[in-house]
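Quick notes on the structure that follows.
Residue numbers (the numbering used here), protein chains in the order written: chain A, 1 to 271; chain B, 272 to 363.
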C-alpha cells in the first residue's frame, strides 16, 4: 500500500543546479566479520579485524554520486569522524565518486554516539553549506538510528528518513522522498536543504574498482579537529558492559502429538 | 615486452603489464569475496599458470578479457551476498 502525502507541489522549470551534497560515512567492522566480545567486556574485538564502510553509508554515497551523474548535484563531499584510519573510508567514498572529503579527527571512536556525531556534522554542514545531507539510517555497529534525526533537529532542517527513493524537483528547492515505514511506503515532500537517511533498497552501491581507488588518491581531504569546528569534547554516554546474547538452545524434534503435549505441559510449562 | 617488477611465472619471464594489472584486480576483489582471498589467489594462480605459455598479443588480450569478466562475476557475488545478509539481518 502506498500512502501519498505531498506537502507542496513541484515546480517544473529548468535551472542549472549548483547543489552540494554532504554525505556522512562511518568506518565500522566489516559486515561479514564474526564479532567477538573483548575479554574485559567493555567492547568488541577491534584489533586486526577487517574494517569497512558502513553499508548504509555506502548506499548514501551511491545516491549522492548518482545525483551528480544525473546533473542534479554539482558536488559530493564525504565526511567522516574518527581516527586516522577513517581516511580509508573516505578514500572508498571518493573512489565511488565523491569529489572531496572532510576528515574530523577523533581518536576514540567509542565516544562517538549519535548526539556527539550530530553536533559535529552540524558544524561541518554550516561550513560546507550543502543543500542536502545524506546519511545511512544507522551504523551496523551502534545500530542507534538517531544521528540523522538529531542532525535535522539541530540544524532546523526537515528530515526524510528510511528513504527508498529520492526525487529532486527541478531547481533543487525541494525533494520527494519515498520512505519505508512499517505499513508500507510513504511519500513525503521536503524543502531543501534537508537531511535524508538511506534505507537498504534505495540503490545498489557500485563496487570501488582498483583504477578508481587509484584515481581517488589525488582527491583532496581536509583534516579538521573538533576544536576547529567549535564543538566541545563532552561525552555523555559511557559503555558499561558489552555481552554476547544468550546462546540459542538447539531445537528437538518430537515423534508425535503425545510427546509434543507432554513437552509443552511439563517442560515448557505453557499448558 | 615491457618490464615488470619481478614475476610470478616459473620461467622467470617478464610479465605483460596488463597481466600484472589483472592479477592485482583479482586480488583486490578477492579480499571482499566470501570464499576468501586465499581461495581466489589459488584459483587465479592456477589459471595464470595454465596460460603462461601464451605469446601472441591477441591471445593474451583474450585471456585478459576473460579474467576481467571473472572479476565482474566476483563483484556480482560480493554485492549479492552483502545485500542478502543485510536484508536478513535487518528485515527478516
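By construction, the Cβ of each residue, glycine as well, lies at the ideal position given by its N, Cα and C atoms.
For residue j and residue i, the rounded distance between their alpha carbons
{"i": "residue 41/A", "j": "residue 356/B", "result": "26 angstroms"}
{"i": "residue 312/B", "j": "residue 54/A", "result": "26 angstroms"}
{"i": "residue 93/A", "j": "residue 159/A", "result": "23 angstroms"}
{"i": "residue 273/A", "j": "residue 131/A", "result": "The shown model of chain A, from 1 to 271, leaves out residue 273/A, and the question about it has no answer."}
{"i": "residue 78/A", "j": "residue 61/A", "result": "8 angstroms"}
{"i": "residue 191/A", "j": "residue 134/A", "result": "14 angstroms"}
{"i": "residue 202/A", "j": "residue 184/A", "result": "14 angstroms"}
{"i": "residue 235/A", "j": "residue 35/A", "result": "25 angstroms"}
{"i": "residue 271/A", "j": "residue 199/A", "result": "42 angstroms"}
{"i": "residue 188/A", "j": "residue 175/A", "result": "8 angstroms"}
{"i": "residue 86/A", "j": "residue 290/B", "result": "32 angstroms"}
{"i": "residue 72/A", "j": "residue 64/A", "result": "10 angstroms"}
{"i": "residue 103/A", "j": "residue 306/B", "result": "33 angstroms"}
{"i": "residue 153/A", "j": "residue 194/A", "result": "10 angstroms"}
{"i": "residue 361/B", "j": "residue 24/A", "result": "21 angstroms"}
{"i": "residue 125/A", "j": "residue 142/A", "result": "23 angstroms"}
{"i": "residue 128/A", "j": "residue 229/A", "result": "12 angstroms"}
{"i": "residue 290/A", "j": "residue 137/A", "result": "Summary: the structure shown does not reach residue 290/A, with chain A confined to residues 1 through 271, and so no result is reported for it."}
{"i": "residue 306/A", "j": "residue 139/A", "result": "No answer is possible for residue 306/A: the residues shown for chain A start at 1 and end at 271."}
{"i": "residue 26/A", "j": "residue 221/A", "result": "15 angstroms"}
{"i": "residue 327/B", "j": "residue 210/A", "result": "27 angstroms"}
Closer than 8 angstroms to chain B by CB, residue i
{"i": "residue 87/A", "result": "no"}
{"i": "residue 134/A", "result": "no"}
{"i": "residue 55/A", "result": "yes"}
{"i": "residue 115/A", "result": "no"}
{"i": "residue 192/A", "result": "no"}
{"i": "residue 251/A", "result": "no"}
{"i": "residue 185/A", "result": "no"}
{"i": "residue 200/A", "result": "yes"}
{"i": "residue 31/A", "result": "yes"}
Any C-beta of chain A under 8 angstroms from that of residue i
{"i": "residue 349/B", "result": "yes"}
{"i": "residue 357/B", "result": "yes"}
{"i": "residue 314/B", "result": "no"}
{"i": "residue 354/B", "result": "yes"}
{"i": "residue 304/B", "result": "no"}
{"i": "residue 311/B", "result": "no"}
{"i": "residue 362/B", "result": "yes"}
Three-state secondary structure (DSSP) of residue i
{"i": "residue 263/A", "result": "helix"}
{"i": "residue 349/B", "result": "helix"}
{"i": "residue 132/A", "result": "strand"}
{"i": "residue 13/A", "result": "Bear in mind that a pLDDT of 47 at residue 13/A, under 50, signals an unreliable position, so the number given afterwards is only what the model happens to contain. Looking at residue 13/A - three-state DSSP - the assignment turns out to be coil, as it is neither helix nor strand."}
{"i": "residue 331/B", "result": "helix"}
{"i": "residue 160/A", "result": "strand"}
{"i": "residue 52/A", "result": "strand"}
{"i": "residue 324/B", "result": "coil"}
{"i": "residue 148/A", "result": "helix"}
{"i": "residue 74/A", "result": "coil"}
{"i": "residue 103/A", "result": "strand"}
{"i": "residue 108/A", "result": "coil"}
{"i": "residue 302/B", "result": "coil"}
{"i": "residue 24/A", "result": "strand"}
{"i": "residue 270/A", "result": "coil"}
{"i": "residue 35/A", "result": "coil"}
{"i": "residue 113/A", "result": "coil"}
{"i": "residue 313/B", "result": "helix"}
{"i": "residue 82/A", "result": "strand"}
{"i": "residue 297/B", "result": "helix"}
{"i": "residue 29/A", "result": "strand"}
{"i": "residue 18/A", "result": "coil"}
{"i": "residue 58/A", "result": "helix"}
{"i": "residue 69/A", "result": "helix"}
{"i": "residue 344/B", "result": "helix"}
{"i": "residue 282/B", "result": "Residue confidence is low: residue 282/B scores 45 on pLDDT, short of 50, so the model does not pin down where it sits. No coordinate-derived value is stated."}
{"i": "residue 47/A", "result": "coil"}
Complete runs of the beta strand (DSSP E) confined to the segment 167-197 of chain A [at least 3 residues]:
174-181, 184-191
Along the segment 202-216 of chain A, what residues have a CB closer than 7 angstroms to any CB found in chain B?
204, 207, 210
Please list, in chain order, the residues of the segment 285-301 of chain B that have any C-beta partner in chain A closer than 7 angstroms.
295, 296, 299
Taking the runs of the beta strand (DSSP E) that are 3 residues or longer, which of them lie wholly in the segment 204-256 of chain A?
221-225
Using a beta-carbon distance cut-off of less than 8 angstroms, what residues from the segment 326-346 of chain B approach chain A?
346
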